[in-house]
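Have a look at the structure below, then the notes.
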Amino acid sequence: MRFASGVSISQDTGDALDEALRRSLTGISQAPDLLVCFATFHHGRSAPTVAGRLASATSMTGVSIGAISSGVIAGSEEFESGAALVVWAAWLDNASASAMRLVAFRTDEGIGIGGADPPENTKGILLLADPYSFPAGQFATSLGSVPVVGGVPGSLTEESMLFIDGQIFTNGAVAVALSGPVSFRVVVSPGGTPVGEPAIVTKAAGRVIEEIAGLPAVRFIEELIVRLDEASQKNAYNGVQIGVALDEYAENRGSGDYRIISVTAADRASGSILVGDEIFVGSTVQFHVRDPQAASGALNDAVAGLVGGGGMLMFSCSGRGRSFFDQPHHDASLVASACQPAALVGMISSAEIGPVAGTSYLHSYSAVVAEIGEP
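1174 is the number that our numbering gives to position 178 of the sequence shown; each next residue is one higher, with no gaps.
Here it is as structure tokens:
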């Protein structure tokens, strides 16, 4: 297998594509089997051009996929502002890439998902999803042990622009399934540290938590913060996250034993909170506070388990970056230095998708890294 990547900071979409594709494909006569592209919103109006150029650059049986987002990652650099476009190319030898277009619809039982099914022997799936019209967490979890990696394009204020094989979509999701002789290793690194004690959700519906341990959710959080030390209180005032335990019966849980989702709103009148993914009565939860030192250590530990040298795709939350770590390029430079990948690109996301304890979930404030290579 072979991997290559290219980046351009040109504001002209045509020039940016020329430069990024040239850097990705120079010296290789064979068309790639998979092209992945992420571009900032500066290129949003030209998304059809991006999608079309990518599709025409792949092999006859190849797949192209990408999205417009608030920021992109290229090698050891994160482009959080300003125009940027990245391309990641893969030559998969005997492995296969299959395009998937996915949509959600309402049923009497809840939300159904339609579209192409992943082929047999799927080793992993790359998923890019619209936050409002597609339940990315539900889909990822439904695939069981098949690892799903990806994200929701960063900035919830902009219309989603997802593309696959030359087509543009503003809703649903697009995905690529990799099957055959290919390895697909994924690590998920949280952005915070647990505080307080685990508790049980006693009243909830969908993404709304009304009660925790018999108390209104807002009151539970307020009483928790009062009991924290000064440093943890300071971090809590910058926003709390909720960790949902992956194993209800485990003891001595750490941050890696939870899937982390955001707390997006609070209603003092009702005492309820709105969180970033569906949650159920009876779930064990523990609140987390954002902690740059803990997040840096967690990412360093996570990528230590990767082989290195293959192709890498990365999804880092927009809540991380320069403002969180007080330095630019933290996540990208750490991964690039530790793993020395053949090619690394990524997307700044508003939510990330990746497996924890063998099942894939939707996460918040996380960094997700997928390493693709020889089996």
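Where a beta carbon is used, it is the ideal one built from N, C-alpha and C, also for glycine.
Predicted model only: the values in this text are computed from it and were never measured.
query	result
Nearest to G1067 (by Cα), restricted to the options I1121, M1310, L1358 and A1332	M1310
Where the alpha helix (DSSP H) containing G1078 begins and where it ends	Per DSSP, G1078 belongs to no alpha helix (DSSP H) and is neither H nor E.
Any alpha helix (DSSP H) of 4 or more consecutive residues that is wholly inside the region 1315–1360	1317–1321 and 1326–1335
For D1263, the residue or residues it bridges with in DSSP	S1268
Short Cβ contact (9 Å threshold) for L1030 with L1158	no
Closest residue to G1140 among A1112, G1350 and P1177 (Cα-Cα distance)	G1350
Q1007 in three-state terms, based on DSSP	coil
Buried or exposed (CB count within 10 angstroms, at least 16 for buried), K1119	buried
Rounded separation between G1272 and Q1026 - CA only	43 Å
Beta-ladder partner(s) of Y1254, from DSSP	A1241
Check: L1123 C-beta below 8 Å from any heavy atom of the ligand ADP	Among the ligands in the structure shown, none appear at all, so the ligand ADP cannot be discussed.
Per DSSP, cross-strand counterpart(s) of L1123	G1146 and A1171
Closest residue to V1178 among I1205, P1143 and Q1163 (Cα-Cα distance)	P1143
For A1200, the residue or residues it bridges with in DSSP	I1205
Nearest candidate by alpha-carbon position, reference I1256, set A1347, H1039 and T1022	A1347
Paired residues, beta bridge with T1103 - DSSP	G1106
Stretch pair the region 1010–1020 + the region 1101–1114: three plus CB contacts closer than 8 Å	no
Residues that DSSP places opposite M997 in a beta bridge	M997 pairs with nothing; no bridge assigned.
Status (buried if at least 16 other CB within 10 Å, exposed otherwise) for S1266	exposed
Extent of the continuous beta strand (DSSP E) run through L1031	L1030 to T1036
R1223 burial status per 10 Å Cβ neighbour count (16 or more: buried)	exposed
Whole-number beta carbon distance between L1295 and A1363, since they are thought to touch under 8 Å	5 Å
Local conformation of I1217 per DSSP, three classes	helix
Any 3 or more C-beta pairs closer than 8 Å across the region 1318–1328 and the region 1119–1128	no
Own chain residues within Cβ distance below 8 Å of Y1357, not counting five before or after	G1133, A1136, T1137, R1255, D1273, I1349, G1350 and P1351
Inter-stretch contact (C-beta, 8 Å, three-pair minimum) for the region 1289–1308 and the region 1202–1211	no
Reduced DSSP category for G1188 - H, G, I as helix; E, B as strand; rest coil	strand
Ordered list of alpha helix (DSSP H) runs contained in the region 1039–1075, each at least 4 residues	1043–1053
Distance between A1195 and A1366 (C-alpha atoms, nearest Å)	32 Å
Assigned secondary structure, P1288 (DSSP; H/G/I helix, E/B strand, else coil)	helix
Beta-carbon proximity check, V1372 vs V1083, cutoff 9 Å	Absent from the structure is residue 1372, since the part of the chain shown begins at 997 and ends at 1371.
E1116 - DSSP class collapsed to helix/strand/coil	coil
Separation of F1037 from A1261, as counted between CA atoms	26 Å
Rounded straight-line distance, which links the Cα of P1044 to that of A1093	22 Å
Candidates S1279, N1234, N1231 and R1215: closest to A1241 by CA position	S1279
Coil, strand or helix - E1015 by DSSP	helix
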